[in-house]
Amino acid sequence: MLNNILIYISSAVIIIWGIAHITPTKSVVAGYGDISRDNKLVFIMEWIAEGITLIFIGALTLLINILNGYQNPASLNVFRISAVMLIIMAVLTAFTGARTKIVFFKICPFVKTIAAVLLLLAVYL
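With positions in the sequence shown counted from 1, the corresponding number in the numbering used here is that position plus 22.
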């Protein structure tokens with residue numbers, strides 16, 4: 023039961039964080055001032071891609087748990103692999119975006135790491 027709760031919390035956190043990542047895209051791009059059209063398009067693409075990736079990870083872990091349960095060997099592998107991906111994304115953000123003055127970027131590595139830890143706790147408890 024606790025395992026399911028940990029997975030649901032992790033999934034919800036990452037899905038919400040992904041949505042929160044995508045929502046302010048226009049204002050974030052505008053905050054970078056006058057950049058070329060090509061740079062804006064690449065920035066928008068990458069910004070949305072990270073948000074979609076987070077939503078995908080959250081939805082994947084949620085759905086595999088609902089459909090197969092947390093004790094299924096395939097489910098356990100999905101949880102582990104998703105946790106690793108979240109940690110990789112957290113490290114990347116820690117060395118890039120979190121070094122800026124933007125609070126959202128400073129919080130991001132912690133959110134991703136917490137979600138990853140919750141998944142790993144669900145696997146190993």
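For glycine and all other residues, C-beta sits at the position ideal for the given N, C-alpha and C.
Remember, it's a predicted structure, so these values are computed and weren't measured experimentally.
Open item on the list: Cutting at 7 Å between CB atoms, please list the residues of its own chain near alanine 42, excluding the five before and the five after it.
Closed with: Cβ-Cβ distances below 7 Å link alanine 42 to nothing in the same chain once the five nearest sequence neighbours on each side are left out.
Task: Limits of the unbroken alpha helix (DSSP H) element including glycine 40 - done: Here the alpha helix (DSSP H) through glycine 40 covers 24 to 44.
Open item on the list: Can you find the residues in the same chain that come closer than 6 Å, C-beta to C-beta, to lysine 134, ignoring five residues on each side of it along the sequence?
Closed with: Scanning its chain for C-beta atoms nearer than 6 Å, with the 5 sequence neighbours on each side dropped, one finds around lysine 134 the residues Leu108, Met111 and Ala112, in chain order.
Task: Reduced DSSP category for asparagine 61 - H, G, I as helix; E, B as strand; rest coil - done: In the structure shown, asparagine 61 adopts helical secondary structure according to DSSP, grouped into three states.
Open item on the list: Using CA atoms only, rank isn't needed, just tell me which of Ile129, Ser33 and Leu147 is closest to glycine 80.
Closed with: For the residues Ile129, Ser33 and Leu147, the minimum Cα distance to glycine 80 belongs to Ser33.
Open item on the list: For leucine 82 and glutamate 72, I'd like the C-alpha separation in whole angstroms.
Closed with: In this structure, the alpha-carbon of leucine 82 lies about 15 Å from that of glutamate 72.
Open item on the list: Using a Cβ-based criterion (distance less than 6 Å to any ligand heavy atom), does arginine 59 qualify as near the ligand MN?
Closed with: With respect to the ligand MN, the structure shown offers nothing to examine, as it has no ligands at all.
Task: Nearest candidate by alpha-carbon position, reference leucine 2, set Gly119, Ala105, Phe117 and Lys123 - done: Since the first residue shown for the chain is 23 and the last is 147, residue 2 is missing from the structure and cannot be characterised.
TODO: Could you check the C-alpha separation between asparagine 26 and valine 139 for me, to the nearest Å?
DONE: Linking asparagine 26 to valine 139 through their CA atoms gives a straight-line distance of about 14 Å.
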